[in-house]
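Participant: In our numbering, the protein residues as written are 1 to 557.
Every residue, glycine too, gets a C-beta built ideally from N, C-alpha and C.
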Ligand code: N01
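1. According to DSSP, simplified to helix, strand and coil, what is residue 7?
2. Buried or exposed: which applies to residue 553, given that a residue is buried once 16 or more other Cβ atoms fall within 10 Å of its Cβ?
3. What does the Cβ neighbour count give for residue 546, buried or exposed, with the cut at 16 atoms within 10 Å?
4. Taking the straight line between their C-alpha atoms, what separation do you get for residue 304 and residue 102?
5. Below 7 Å, is the gap between the Cβ of residue 496 and the nearest heavy atom of the ligand PLP?
6. Hey, is residue 440 close to the ligand N01, as in C-beta under 7 Å from one of its heavy atoms?
7. Over the uninterrupted beta strand (DSSP E) stretch that includes residue 206, give me the two end residues.
8. Should residue 318 be flagged as near chain C, meaning a C-beta pair shorter than 8 Å?
9. Compare the beta carbon distance of residue 47 and residue 16 with 8 Å and say whether it is the shorter of the two.
10. Please give the ranges of any alpha helix (DSSP H) in the segment 430–478, keeping only runs that are unbroken, at least 4 residues long and fully inside the region.
11. Count the other CB atoms within 10 Å of the CB of residue 385; is the residue buried (16 or more) or exposed (fewer)?
12. Looking at residue 443 and the ligand N01, is the gap between the Cβ and the nearest heavy atom below 7 Å?
13. Residue range of the alpha helix (DSSP H) that residue 187 falls in?
14. State buried or exposed for residue 326, treating a residue as buried only when at least 16 other CB atoms are found within 10 Å of its CB.
15. Could you give the DSSP three-state label for residue 545: helix, strand or coil?
16. Does DSSP classify residue 387 as helix, strand or coil?
17. Who are the near neighbours of residue 130 in its chain, counting only those whose CB is closer than 7 Å to its CB and skipping five residues on each side?
18. Closer than 7 Å: is that where the CB of residue 354 sits relative to any heavy atom of the ligand N01?
19. When the Cα of residue 55 is compared with those of 36, 83, 89 and 68, which residue comes out closest?
20. Thinking C-alpha only, which one of 190, 113 and 414 is nearest residue 209?
21. Closer than 7 Å to a non-hydrogen atom of the ligand N01 - does that hold for the CB of residue 499?
22. Closer than 7 Å to a non-hydrogen atom of the ligand N01 - does that hold for the CB of residue 170?
23. Relative to the ligand N01, is the shortest distance from any of its heavy atoms to the C-beta of residue 387 smaller than 7 Å?
24. With a 10 Å radius around its C-beta and 16 neighbouring C-beta atoms as the bar for buried, classify residue 230 as buried or exposed.
25. Going by DSSP in three states, residue 349 sits in which element: helix, strand or coil?
26. How far does the alpha helix (DSSP H) with residue 407 in it extend, from its first residue to its last?
27. Measuring only from the beta carbon, is residue 339 closer than 7 Å to any heavy atom that is part of the ligand N01?
28. What is the residue span of the alpha helix (DSSP H) that residue 302 lies within?
29. Just to confirm, does residue 543 get its C-beta within under 7 Å of one of the non-hydrogen atoms of the ligand N01?
30. For residue 291, count the other beta carbons within 10 Å of its own beta carbon; 16 or more makes it buried, fewer makes it exposed. Which is it?
31. For residue 445 and residue 69, which I take to be in contact (beta-carbon distance under 8 Å), what is that distance rounded to the nearest angstrom?
32. Just to check my reading of the structure: residue 388 and residue 377 have Cβ atoms closer than 8 Å, yes? What is that Cβ distance to the nearest angstrom?
33. May I ask which residues mark the beginning and end of the alpha helix (DSSP H) holding residue 88?
34. For residue 23, does the three-state DSSP call read helix, strand or coil?
35. Alpha carbons only, please: which of 193, 449, 110 and 398 is nearest the one belonging to residue 61?
36. For residue 31, which residues of its own chain have a beta-carbon under 6 Å away from its beta-carbon, when the five flanking residues on both sides are left out?
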């Protein structure tokens, strides 16, 4: 055991909250590579983070499997083989268990334990962390590895407690699975989780009714086995792939076209979109036209293509029209990947109900009632209603910094950070892929590795200097918050009601939460900040101002 005990309170160098991708790699980095005493607390009874909880039918990563893992260790890269183009939830979990075994990580992870609070002691310059198991740990550093999409959202539907049948949230799925055979199922939501679950639930259930508030642009996944030669070449090209995804915009080997959708002929655009549609995955979103993020005219050109595809797939014209998004630009709401979603609505026992024009008024004993009084009955309710994203997982912990200020109060009007990594007034508290970092607009493992490495570098530098605390200056943080909104406002992202904007949670401030620097340029910015002596940070009170480059947008092609 790497902890030492001081009375009733144990002391470590670092407490890490969460044992998903972030927490596992952070533990390895701090403990095995830097020699620190670190402990991880994890609510689940096993490793996996979001993949521990998200076990709903069809749950799988929308990232190509060959880039959905760690790249920090070539031997680890070579020790794992994915079975399909996109890994299913259980396979990601198996991968993370493999990582945990390989680096002997679980001996420093306390499972089944939720961190309830973290309080900074200004006199002693340490954090005191408490858990729901009654344990108290003091630590110099606290590292949040809680993920961006781990606080599940159950909307406050009137009458939800009166429903007589079982209710399942996709983000908290029973480990034993659910058998829908012979069931009438009602599912609320039509985001990425619902899109994955719909065809599989429909294949089992007698009746499935999907209650849709917002239609989504759903593009084909084109999942399946990967050609063995391609697999072998990728295994061999560890260094090349690592370099390319680290320098890319989105953490994938996807590159935006030089010309925009509005700058090419109709025939050229059609040919490219058709090709990318066939390839499947995020090509059409993150590998096609940059101007769709800036220009409604360009975005509409791609939307017309996608609208046509939906009409081709869905036989009933009324249902097709309902499934075509009308209220947001393509690409500014996370587009789900499709494995038979649209076709499922051609089945006679699958129904789509619009709850935007006619919202859910209440859940009843036997189903639900809409605002106009229409009643729907079902045996089982599936809530595919998403997450209190990005800030939610952190705000559920009682985090108090200097002066006892609760982080959730500081963030009442939206997250306030520097680089999405730290917040002023909360020294030595790091947030892996926190709000205002590229995080959810990237292939997460790539951003996670970058943040973990960067945090490791900061801590190593502090220790080499004999310094104790680091925190961003208020000026740097104010600048980062303003910069983030400014660049978001230059795009169409804020025009869509999305969880990126906090729009899915009633009462949540409407603020664009991810950072739009993107993976490669953000990494370069962080490296420059380090090279310039940790610009924007104060180390033991000595501040280095952030210079112009920090607030300069340099998106790679
Ligand atoms: O959640 P969502 P999700 N009344 O928020 C609806 C990632 N992910 O779990 O769009 C009626 O997208 C809500 O409606 P609206 C991925 O990043 C990744 O599906 O807010 N409906 C929406 O339709 C994804 O984006 C993978 O109008 C209500 C749905 O519920 C993120 O997780 C796989 C409602 C929620 O959709 C979240 O996806 C799956 C209400 N009161 C997910 N409240 C991978 O591939 C909410 N809704 C890795």
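Facilitator: In short, the structure shows the following:
1. Any reading at residue 7 must be qualified, since the residue scores a pLDDT of 41, below 50, and its modelled position is unreliable; the value itself is stated next. Here residue 7 sits in coil by DSSP.
2. exposed
3. Counting the other CB atoms within 10 Å of its CB gives residue 546 a total of 16 or more, which places it among the buried residues.
4. 49 Å
5. No copy of the ligand PLP appears in this structure; the ligands present are the ligand N01.
6. yes
7. Premise fails: residue 206 is in no beta strand (DSSP E) and is neither H nor E.
8. The displayed structure is made up of one protein chain only, and chain C is not part of it.
9. Against a cut-off of 8 Å, the Cβ pair of residue 16 and residue 47 comes out as no contact.
10. 444–465
11. Around the C-beta of residue 385, 16 or more other C-beta atoms lie within 10 Å, and the residue is accordingly described as buried.
12. no
13. Taken as a continuous stretch (DSSP letters only), residue 187 belongs to no alpha helix (DSSP H), being part of the beta strand (DSSP E) at 184–188.
14. exposed
15. coil
16. strand
17. Residues 116, 117 and 136 of the same chain have their beta carbon placed closer than 7 Å to that of residue 130, with the five preceding and five following residues left out of the count.
18. No - the ligand N01 has no heavy atom lying nearer than 7 Å to the Cβ of residue 354.
19. Distance from the Cα of residue 55 is smallest, within the candidate group 36, 83, 89 and 68, for 89.
20. 190
21. Yes; taking the cut-off as 7 Å, the Cβ of residue 499 has a heavy atom of the ligand N01 nearer than that.
22. yes
23. yes
24. Residue 230 comes out exposed.
25. coil
26. 407–410
27. no
28. Counted as a single uninterrupted DSSP element, the alpha helix (DSSP H) harbouring residue 302 occupies residues 296–313.
29. No, the Cβ of residue 543 stays beyond 7 Å of every heavy atom of the ligand N01.
30. buried
31. 6 Å
32. No, residue 388 and residue 377 are not in contact; Cβ-Cβ is about 29 Å, not under 8 Å.
33. Boundaries for residue 88: no alpha helix (DSSP H) harbours it, and the DSSP string shows neither H nor E there.
34. Per DSSP, reduced to three states, the secondary structure at residue 23 is helical.
35. 193
36. Hits under 6 Å: 38.
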